[in-house]
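Whatever position you read off the sequence shown (first residue = 1), add 1 for this note's numbering. Reviewing the structure listed below.
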Amino acid sequence: MLRQLSRRRLPVSLQEIPDPPEQLYLVGPLSLEDKPSIAMVGSRAASWQGLRFAEQLAREIAALGMVVISGLARGIDTASHQGALAVGGKTIAVLGQGCDIPYPRQNANLHQTVASQGLLVSEYPPGTPPKGYHFPARNRLITGLCDALIVVEAKKRSGSLISAQWALEQGKEVFAVPGNVDTGAASGCHALIRDGAHLLESITDLIAVLPHLLPAPARRLSPQSIGAPLAHWSPLQKTIWSLLASGPLTANLLLDHLAVSVAHFTQAMHGLESEGSITRDQIGYHRTIN
């Protein structure tokens, strides 16, 4: 069901942004007041490594009770929403078109899932088609709603850097994920880090800066328990951890990727299982949070 909020009924964080919207249209069971919330943005043409990282990071953020906010575009946005939904978490999509128009078309199913389980947000009335100038404008809403912004993969001329600038002007913490220097895909992230953004290599970097955003029960979790690779892990164990970022894998599939002996594999897996970093069920091996 479509809801409409006038400016005076908007959250204070949105009323205080530059050029606040006159109204917002909402579809979904969540509230704009759901907190804490982390925005995730990045390239529409992201690398597979960037997509995998974004989805896993969103899983971990959502599993800790935080809301994942993004823009439902291709690439990093899509991976972020999917990661949050995969663990039954909360996600909000801020659109550059009316809430009744799925865009891009390949995200029609995801659009519907967010509408039924999360929240679609737009300042444009139903029936408004997507236009290029809508998307930079909606970035101020993404950053206005969030407590912190993460840029996962972005080039120097990426629109994600517009979001980062909005966030900084609104007094929000900005994080950037480093990437491969050879391709230039993360050159915008590197520029943000040089300019003072927080470097983010895992969710522990987020929590180290903003521990107060964690729901009270999660504040008792150690960095190890929320998914950070440990310094004492072997290179093989770190590789296994990376392979499991996109979801569960069977022992056979892991061995196919690793090209190591069964003995070395078994030893590495035993170490990870014994300290509670991974678990195994009928589907395969999973990363764990507990």
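C-beta: ideal position from N, C-alpha, C; glycine also. This one's a predicted model, so the numbers in the text were calculated from it and none came from an experiment.
How about residue i and residue j: are their beta carbons less than 7 angstroms apart?
i      : j      : result
Val153 : Val178 : yes
Gly197 : Leu162 : no
Gly285 : Thr240 : no
Leu31  : Leu111 : no
Leu150 : Lys132 : no
Leu200 : Ile194 : yes
Following the continuous alpha helix (DSSP H) through residue i, name the residue where it begins and the one where it ends.
i      : result
His287 : Here His287 belongs to no alpha helix (DSSP H); instead the beta strand (DSSP E) covers 286-288.
Val28  : Where Val28 is concerned, there is no enclosing alpha helix (DSSP H), although the beta strand (DSSP E) it sits in stretches over 24-28.
Val115 : 109-118
Ala138 : 135-146
Ser81  : 77-87
Ser275 : 263-275
Taking residue i as the reference, give the member of the options with the closest Cα.
i      : options                        : result
Arg43  : Glu56, Leu31, Lys36            : It is Gly, not Arg, that sits at residue 43 in the sequence shown. With distances taken between Cα atoms, Gly43 lies closest to Glu56.
Ala47  : Ala187, Tyr104, Gln24          : Ala187
Ala192 : Leu207, Thr205, Phe176, Pro236 : Phe176
Pro236 : Phe266, Leu27, Glu17           : Phe266
Ala63  : Glu202, Leu73, Ser81           : Ser81
Asp148 : Gln283, Ile70, Gly90           : Ile70
Ser243 : Val28, Asn140, Gln166, Leu273  : Leu273
Gln50  : Thr184, Pro212, His233, His271 : Thr184
My assumption, with CB atoms under 8 angstroms, is that residue i sits in contact with residue j. Please give the rounded CB distance.
i      : j      : result
Thr92  : Val115 : 6 angstroms
Arg45  : Gly76  : 4 angstroms
Glu170 : Leu142 : Incorrect: roughly 14 angstroms between the Cβ atoms, too far for contact.
Leu52  : Leu73  : Contact doesn't hold; Cβ gap of about 15 angstroms is too wide.
Pro103 : Leu3   : The pair is not a contact, with the Cβ atoms about 15 angstroms apart (cut-off 8 angstroms).
Which residue marks the beginning of the beta strand (DSSP E) containing residue i, and which one marks its end?
i      : result
Ile93  : 92-95
Glu174 : 174-177
Leu11  : No beta strand (DSSP E) contains Leu11, which DSSP labels as neither H nor E.
Ala149 : 149-152
Ala40  : 38-42
Thr280 : 279-281
Val69  : 68-71
Whose C-beta lies closer than 7 angstroms to the C-beta of residue i among residues of the same chain, with five residues either side of it excluded?
i      : result
Thr289 : Gly277, Ser278, Ile279, Thr280
Ser293 : In the structure as shown, the chain begins at 2 and stops at 291. Residue 293 is therefore absent and cannot be evaluated.
Arg221 : Reliability of the predicted coordinates at Arg221 is poor, the pLDDT of 43 falling under 50, and the value obtained from them is presented with this limitation in mind. Excluding residues within five positions, none has a Cβ falling inside 7 angstroms.
Val261 : Leu237
Ala269 : Ser235, Leu237, Gln238, Ile241
Gly90  : Ala63, Ala64, Val69
Thr144 : Ala40, Leu150, Ser164, Trp167, Ala168, Gln171, Lys173
In chain order, what residues of the same chain have a beta carbon less than 8 angstroms from the beta carbon of residue i, not counting five sequence neighbours either side?
i      : result
Gln5   : Gln24, Leu25, Tyr26, Leu27
Gln166 : none
I'd like to know whether the C-beta of residue i is nearer than 7 angstroms to at least one C-beta of chain C.
i      : result
Ile151 : In the structure shown, chain C does not exist; there is a single protein chain.
Please list, in chain order, all residues of the same chain as residue i whose beta carbon is under 6 angstroms from its beta carbon, the five residues on each side excluded.
i      : result
Phe136 : Gly97
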